[in-house]
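In what follows, a single structure is set out as C-alpha cells and then discussed.
2 protein chains.
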Amino acid sequence: MLNAVGREIPEEILERTGKEVFQGNNYKDGKAFQKASPKVTPVMRNDHDKMVKDIHEALVKCNAHDGMTVSFHHHFREGDLVVCMVMEEIHKMGFKNITLSASSLGKAHDALVPMIEDGTIVNIESSGVRGKIGDAISHGKLKGLATMRSHGGRVRAIETGETHVDIAFIGAPSCDEYGNCSGMGGKTNCGVLSYAYVDAEMADYVVAVTDCLVDYPNYPAEINQTKVDYVCVVDQIGIPEKIATGAAKPTTDQRKILMAEYCTQVVANTPYFKDGFSYQTGVGGASIASTISLSKIMEEKNIHMGLGVGGLTKPMCELLDRGLARKLVDTQDFDLDAVNNVRTNPNHFPISAGEYASPMNKGAFVNKLDYVILASLEVDTHFNCNVVVGSDGIITGAQGGHPDTAQGAKCTIVIAPLLQGRIPAICTDVTTVTTPGESVDIVVTDYGVAVNPRRPDLLEALKAADCVPLKTIEELRDIAYSIVGEPEKVQFGDRIVGIIEARDGTVMDVVREVKPFSFRED
Amino acid sequence: MLNAVGREIPEEILERTGKEVFQGNNYKDGKAFQKASPKVTPVMRNDHDKMVKDIHEALVKCNAHDGMTVSFHHHFREGDLVVCMVMEEIHKMGFKNITLSASSLGKAHDALVPMIEDGTIVNIESSGVRGKIGDAISHGKLKGLATMRSHGGRVRAIETGETHVDIAFIGAPSCDEYGNCSGMGGKTNCGVLSYAYVDAEMADYVVAVTDCLVDYPNYPAEINQTKVDYVCVVDQIGIPEKIATGAAKPTTDQRKILMAEYCTQVVANTPYFKDGFSYQTGVGGASIASTISLSKIMEEKNIHMGLGVGGLTKPMCELLDRGLARKLVDTQDFDLDAVNNVRTNPNHFPISAGEYASPMNKGAFVNKLDYVILASLEVDTHFNCNVVVGSDGIITGAQGGHPDTAQGAKCTIVIAPLLQGRIPAICTDVTTVTTPGESVDIVVTDYGVAVNPRRPDLLEALKAADCVPLKTIEELRDIAYSIVGEPEKVQFGDRIVGIIEARDGTVMDVVREVKPFSFRED
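Sequences listed follow chains A and B, in order.
Position 417 of the first sequence, counted from 1, bears residue number 417 in full-length UniProt numbering, the numbering being contiguous throughout.
Position 98 of the second sequence, counted from 1, bears residue number 98 in full-length UniProt numbering, the numbering being contiguous throughout.
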C-alpha cells in the first residue's frame, strides 16, 4: 500500500505490526486516545529497602522473564556501560525473546551482536542503531523487527501502550538509596536524563543503576523516588570521556563554512528572526558554525533568542550565559560545557523527551520552534530526508529528533553538502524516507539553497534579501548528478528487517535486508 | 462490619462505594495495581491555539456534561476565587449531578451551598470541608456522599482510577499561552501548585486559569504545556491577603508555649534527632514555637536538618536560609515568606502531592520522615485522632497530610491541649477516627506527655532523659474528665453523609447527619 510519501508498504508488515501507513503529518492531530499505564507496586512501609546488591538481584525482584521488554536511555552515548551490563546478565540467566527498547543504540553496544544472533534479543526499538548492531540488522540477523522511532515517537509508542516496558534500567550519574536520580552530581555526569523520564513513568518496574550513591534526598531529582523500585550500585555506568562526543571545534572545512554562512543568512532573512525567536540546531560542524555566526547578527540587531531547544552544545550555552538567549530547554548534552551548564545557569532547564518532542501529548516544545537546523544523509526532490540508512543500504544513523523538530518548526532548514564523497546527497529518491518532505522548508547545500515550493513565503523573503544563491531542488540534484552521475540504486533482498516509524506510529518506510550488489543483466 | 480501629462500617456504605473496611496501615503495601490513565487529545499542529475567551468556552470545549467530575486545587486557601467562578458557570449552564473533587474546600466556597441544595453538586471529594459547606453536609443537604481524603489519599484515588476527573481547573498565578503554569510570577502567588499535579496528569481535560499571562515559555513550570488543553485569562484568581493565612506570630498562649517546650524536648531526646534528620510540622502556634526552640538546640549541638517537609512556614524557611536545614520539599506555603522562598532559595523544591504523601506510589517523602508534629481536635485512649469532625458532630476540619505523615514518620507527635474550652481533647473514643492510633507515637498535652505502648523504645528514651512529665494516655483522659466531666456523646441521625477514607482507600469511619441533641430518657 502506497503511503503519503509514495513508499510501498507491504500488507505483510501492516498485518504483522497492526500499523497503518503514513498519511501525512497531522493525521492524528486532535484524535483523542486513552493513555496507557504501568503496574505500580506501592511502598507504604517506612522501613522499606530499595537497595539490591547487583543487576542479577534486580532482575529477579523485577520478575524478569522470557519475552519481556527492557528499556534504556542513551545519555552516555558512546560511553554507555549500562545496556551491555544488564543484557549480559539477562543473557547469563538464559532469558530469550527479549525486546530491547532503547532511546538510542550505538557503537558502545557492539557486544550485543551475539545476543541478537542467539535469539536472546529478538526485537529492537531504537532511534537508530549505529555500529555493528546496525550491520547485523541489515544483514538479517535479528529474528524479529527493528523499529526505528524518533525521540518523540518513542514517547508516543510508550504512552499509547504500543510498547509496554516491563523493566526500565536507568543509568543515573547520582542517586540516593530511595531512587532519586539526577544526570549530575556524580563521576559520570551526562547533564540530564530526559529520555528516561517516560520509562520511569510507564514501566512496570524501574531500576536505578548508579556509580555514585549520595545522601538522601538527591534533589533536584530528574526522576524521583516515587517512580523507582530498586537501586543498584555498580562500579561504573559510563566512560566520561566518551559521553561528551560532540565537543564543538570550530570547523575548518570550507564547504561547511560556506553552508553555515548560507544557513545564517537564511535565518537572518526570514520573518521569524525577531526578538524572542526560538531555535534548535544539531551538533554538526556547519550547524555549530552557523549558531556562532548567527550570534553576531543577533548582537548587531539586538535580537535575543527567547528559547533554545536541544540537544545542547557549548555555543548554545554561551548564548545563554551571555544573555543572548533567555532560556534553554535541554534533553541531551553533547559536550562537557553543556553538561555543566545544567547546574550553573538557572535558565537552563532539563525537560523530558515528551516535553521536547512527543506528537501525542498536548503540545511539545518542537511545536513552538521557529527554526531548526538539521543535517541529513540524503534529501530528495520531494524534500524527503533520510537520516538512518546509508547509501549502501546499511542502517547506520538515527532518527533522533529529526522528524519531530522538522514537523514542529515553522522554518525547518536541512543542511547537506551536495556530495558526500562520490554519493549525491541531493537525489531523486532517498534510499529510505525518515522525515517527510512535508516537514522540510529549506535545503542548504554548498552549491546553493532550495526552498520547498510549499513555502512561497520563505522563497519570497529570500529572493527579496538576495542573500543566498537560490536553486530549485531539481537543479541541485542535477548539479550533483552531473558531477558524479546518477547512482545505482541499492539492491535489497525481500525480507523486511526494520521499519521506519513516523512520529505518530504509522509506517513511513521499511528497511530490507541488504544483498550483495549484482549488475543488471539488461 | 468492624474495621481495624473498631468502627462499625455499615454494609450499606461498603456496597454503595465498593470499598473495604480499614484493615491496618500496611494492608495494601506491596500489592501491585494497574494505574489509571486519562484520555489525551494530542496537539501536533504548530499553529494550535489553546486560548479560550472565558470559562464558558473552556467548559464547552472540554465537553462539560451532567454527571461529570471537575477538580480544583486549594493553594489559594481562603482567598480562592477559581472554584466558585467555575462552579457558577457550570450552574448557569444548567449541568447537574456534578462531583466536585477538590484538594480542599473552605470558607472561600460558602457560595456553593445553594448548588448543593439544588442538585448541581451531588458528591464532594475533599480533604475536608470547613465553613458553610461542612455545615450543609452535616445537615444532610448533599444528595450523594462527601468523601474526605488525606492529601496522599487523594492522589491515590485519582491514580488508581477510583476518581476519574473529567475536567481539571488549575488556578495558575502565572501561565503562558501554551499552558506552562507556575505558582509564582504573577499577582496572586501561592508558591507552589503541588496538589494540582495529579489533576494535570490524570484528567481528560485540563484548563489553566490565570490572571497573569506571561511570555512563552513560563519556565520553570510546575505544570507544563504537555498537560494543559486550554488557557483562560480571568481578572482575578485569588485574593492575595487571604492566601497567606498561616502567618506565624510568636504565640503568647502559655499552654501553647508549654506544649511547644515539651514537644521540643521530645524531639531532642529521641534517637532520630541526629545530623541529617527529617522533620515536618504544622502551622499551629505550638508547632511553630517548637520549631523555633528546636533550632536553638540544633545550633547548640551542631545538628542539621537534612530535610524539611511541608506545608511550609517562615520558621522552616529561616532554617533553610540559615543553613540549619539542607533542603526543603514543599507542597504548600502558608505565609508570604514561604511563598517567596520558593524562588529565592535554590534548595527549596516544589514537589507534587504524590511525591509528598501518596501511599500508592513507590515511596513518598512522608515515608522518610523522622519526625512529624501534628495537631488534633481529639485524641482517644487508642491514640486514634480526629481532625475532621467537631465535637458537635459538624464537619469542620480537614485530613490534610495528617494520616499520611503520621503513618510515614518514624516518630509522630500529636499536640493537643488537654481541654478545648469545656471539651476534653483526650477522650475514650474520638467522635470520628481520621488517623489510626497505629500511626501515632507520642501525644503532647499541656498536662503531660503520653507515649503509645507500641513504642516502648521511645518511652525508654524519654524516661532516661527525664525531660517531660510522662503520663499514660488514660491518665491524661482521666485528668480531663476530672476537670470537665465525661462529655455526652454527640447524637447523630442514621443517614450517612460522608466517609472518612483511609489513605489506602478503605473506610476508616463514616460521618452521619447530625440531629438536635435529645436528653436520655433513662
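We treat Cβ as the ideally placed atom computed from N, Cα and C, and that holds for glycine.
Just so you know, these numbers come straight off a predicted model, no measurement behind them.
Please name the residue, chosen from the options, that lies closest to residue i on a Cα-to-Cα basis.
i                     : options                    : result
residue 304 (chain B) : B:279, B:288, B:311        : B:279
residue 333 (chain B) : B:283, B:373, B:354, B:494 : B:283
residue 233 (chain B) : B:55, B:240, B:145         : B:55
residue 98 (chain B)  : B:46, B:64, B:262          : B:64
residue 96 (chain B)  : B:188, B:486, B:114, B:457 : B:114
residue 403 (chain A) : A:107, A:18, A:151         : A:151
residue 200 (chain A) : A:424, A:269, A:171, A:177 : A:171
residue 327 (chain B) : A:508, A:432, A:219, A:428 : A:219
residue 464 (chain A) : A:269, A:255, A:485        : A:269
residue 25 (chain B)  : B:499, B:434, B:487        : B:434
residue 47 (chain B)  : B:157, B:35, B:177, B:236  : B:177
residue 90 (chain B)  : B:60, B:105, B:493         : B:60
residue 352 (chain B) : B:441, B:222, B:132        : B:222
residue 143 (chain B) : B:267, B:496, B:167, B:271 : B:496
residue 33 (chain B)  : A:28, A:39, A:34, A:32     : A:39
residue 291 (chain B) : B:274, B:265, B:271, B:330 : B:265
residue 370 (chain B) : B:445, B:271, B:485        : B:271
residue 140 (chain A) : A:155, A:149, A:124        : A:124
residue 186 (chain B) : B:166, B:224, B:237        : B:237
residue 254 (chain A) : A:263, A:286, A:226        : A:286
State yes or no: is the beta carbon of residue i nearer than 9 Å to at least one beta carbon in chain A?
i                     : result
residue 403 (chain B) : no
residue 48 (chain B)  : yes
residue 269 (chain B) : no
residue 224 (chain B) : yes
residue 364 (chain B) : yes
residue 32 (chain B)  : yes
residue 41 (chain B)  : yes
residue 349 (chain B) : yes
residue 417 (chain B) : no
residue 215 (chain B) : yes
residue 358 (chain B) : yes
residue 182 (chain B) : no
residue 528 (chain B) : Residue 528 (chain B) is absent from the structure shown; chain B starts at 1 and stops at 522.
residue 279 (chain B) : no
On the criterion of 16 or more Cβ atoms from any shown chain inside 10 Å, does residue i qualify as buried, or is it exposed?
i                     : result
residue 94 (chain B)  : exposed
residue 489 (chain A) : exposed
residue 414 (chain B) : buried
residue 67 (chain B)  : exposed
residue 302 (chain B) : exposed
residue 228 (chain A) : buried
residue 252 (chain A) : exposed
residue 51 (chain B)  : exposed
residue 312 (chain A) : buried
residue 512 (chain A) : buried
residue 211 (chain A) : buried
residue 128 (chain A) : buried
residue 377 (chain B) : buried
Looking at the C-beta of residue i, does it have a partner C-beta in chain B at a distance below 9 Å?
i                     : result
residue 506 (chain A) : no
residue 236 (chain A) : no
residue 331 (chain A) : no
residue 312 (chain A) : no
residue 456 (chain A) : no
residue 265 (chain A) : no
residue 149 (chain A) : no
Just to make sure I have the definition right: I need the residues of chain D whose C-beta is within less than 8 Å of the C-beta of residue i. Which are they?
i                     : result
residue 220 (chain B) : The chain labelled as chain D is not found among the protein chains of the depicted structure, namely A and B.
Does the contact criterion of 3 or more C-beta pairs under 8 Å hold for the stretch 317-335 of chain B versus the stretch 407-426 of chain B? As far as the Cβ criterion goes, the stretch 317-335 of chain B does not touch the stretch 407-426 of chain B, which means the pair count is below three.
Any chance the stretch 466-482 of chain A sits against the stretch 411-422 of chain A, with 3 or more Cβ pairs inside 8 Å? Output reads yes: the stretch 411-422 of chain A touches the stretch 466-482 of chain A.
Specify whether the stretch 359-371 of chain A and the stretch 33-51 of chain B touch according to this definition: at least 3 beta carbon pairs, one from each stretch, less than 8 Å apart. Yes: at least three Cβ pairs fall under 8 Å.
For the 8 Å Cβ check, are there 3 or more pairs between the stretch 186-197 of chain A and the stretch 20-29 of chain A? With fewer than three CB-CB distances shorter than 8 Å, the stretch 186-197 of chain A does not count as touching the stretch 20-29 of chain A.
Given 8 Å as the limit, is there contact between the stretch 492-508 of chain A and the stretch 1-21 of chain A, that is, 3 or more CB pairs closer than that? The stretch 1-21 of chain A and the stretch 492-508 of chain A touch, with three or more beta-carbon pairs separated by less than 8 Å.
How do the stretch 382-402 of chain A and the stretch 231-245 of chain A stand: do at least 3 beta-carbon pairs fall below 8 Å, yes or no? By the C-beta criterion, the stretch 382-402 of chain A is judged not to be in contact with the stretch 231-245 of chain A, since fewer than 3 inter-stretch pairs fall below 8 Å.
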